[in-house]
Every structure is written in C-alpha cells, then in structure tokens.
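Asks: I am attaching a structure below and will ask some questions about it afterwards.
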Amino acid sequence: MTSFAQKVYGIVRRIPKGRVMTYARVARLAGRPRASRAVGNVLHRNPRSFFVRGLAPSERVPCHRVVKSDGRPGGFAPGTGKKIALLKKEGVLFRNGRIAGKFS
DNA sequence: CTAATGACCATTA
DNA sequence: ATAATGGCCATTA
C-alpha cells in the first residue's frame, strides 16, 4: 500500500451516503492537485468496495461516490450500471445520465 | 532504468 | 450542446 493510496482511501472513506465527490477534488485533498487520473487508478483496484462481502460498513471504501467533473458517473470495476444503481439507492438524483445538482 | 496504462481534466473547436 | 486533443501522474510491467 503506497502513501498516495492511503491518502486517497482515507479521503474517500469519509464521503457520506448520498453525496458525491469528483476525482479532481479527491486529488486536491490528497495534496496532488493534478493527479485526478492517478486517483482513478487507485480506486480501480480498491480492495474494499461495496461489492466486497463480509466487511463492516466503517471499513468499506465507498468508491462509487467518486464521479467525474462533468457530472457523468465515471468508471466502476463491477460495471458503471452498478455504480449508478448504488448511487440511486442512496438518494443521488440523475438527470439524463448526469448527476443532478452541484458538486465539486 | 524506461514504457505503458488508465474508474481523469480543462481547453478548444 | 458534443467531440477531439493534449496534458497529467501514480502505479506497474
């Protein structure tokens, strides 16, 4: 586990249910303002997603709450459809394939 | 060491 | 509004 990955997971872990954060924002909070793409790389191999069974809620990393800057959901290892389903279940609203409302 | 790989971003047309 | 483009950067092969 690299220190960058630890920072990323530590940040993503505290995104509350029903809210989303962009990859770029995670990168800034991690102290690497231009590493948004690398954030995606880390989350791509997230070992503690919501699809891993047998984990306490506090020990999961809700990487499905990290989305693109343009409001589209972005990638998800189990499939983008799953990501959208999870977000909708948490109350996140979509308007023609984009997240409704503002975020940063 | 170098090169390739992305769950991306901002700008431009 | 969309699409293409160049850049970005931590990881991995």
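In terms of numbering that gives the first Met the number 0, the first sequence has 90 at position 91, counting the first letter as 1, and numbering is strictly consecutive.
Positions of the beta carbon are idealized from the N, C-alpha and C atoms, including for glycine.
As the structure is a prediction and not an experimental result, all values here were calculated from the model.
I need the boundaries of the alpha helix (DSSP H) containing Phe-3, first residue and last residue.
Replies: Your numbering for residue 3 matches position 4 in the first sequence. From DSSP, the alpha helix (DSSP H) with Phe-3 extends over 2-12.
Asks: Would you check if the distance between the CB atom of Phe-102 and the CB atom of Thr-1 is smaller than 8 Å?
Replies: Counting from 1 along the first sequence, the entry for residue 102 is found at position 103. Counting from 1 along the first sequence, the entry for residue 1 is found at position 2. Contact: no.
Asks: Could you tell me which of Phe-49, Arg-97, Ala-37 and Asn-40 sits nearest to Arg-12, measuring between CA atoms?
Replies: For the purposes of this step, residue 12 is taken as the residue at position 13 of the first sequence. Comparing Cα-Cα distances from Arg-12 to each of Phe-49, Arg-97, Ala-37 and Asn-40, the minimum goes to Phe-49.
Asks: So, are the CB atoms of Phe-75 and Lys-67 less than 8 Å apart?
Replies: Sequence index remark: in the first sequence, residue 75 carries index 76 (1-based). Sequence index remark: in the first sequence, residue 67 carries index 68 (1-based). Contact flag unset, no.
Asks: Helix, strand or coil: how does DSSP classify Val-65 here?
Replies: Here the question's residue 65 lines up with position 66 in the first sequence. Val-65 falls in the strand class under three-state DSSP.
Asks: Distance check for Ala-34 and Gly-100, CA to CA, integer angstroms please.
Replies: Numbered from its first residue, the first sequence carries residue 100 at position 101. Numbered from its first residue, the first sequence carries residue 34 at position 35. Distance between the alpha carbons of Gly-100 and Ala-34: 25 Å.
Asks: How is the alpha helix (DSSP H) around Ala-84 delimited, first residue to last?
Replies: Counting from 1 along the first sequence, the entry for residue 84 is found at position 85. Where Ala-84 is concerned, the enclosing alpha helix (DSSP H) stretches over 79-88.
Asks: If you count every other CB in all the chains shown that lies within 10 Å of the CB of Leu-92, and 16 or more means buried, which is it?
Replies: Along the first sequence, read from residue 1 onward, the residue named residue 92 stands at position 93. So Leu-92 ends up on the exposed side.
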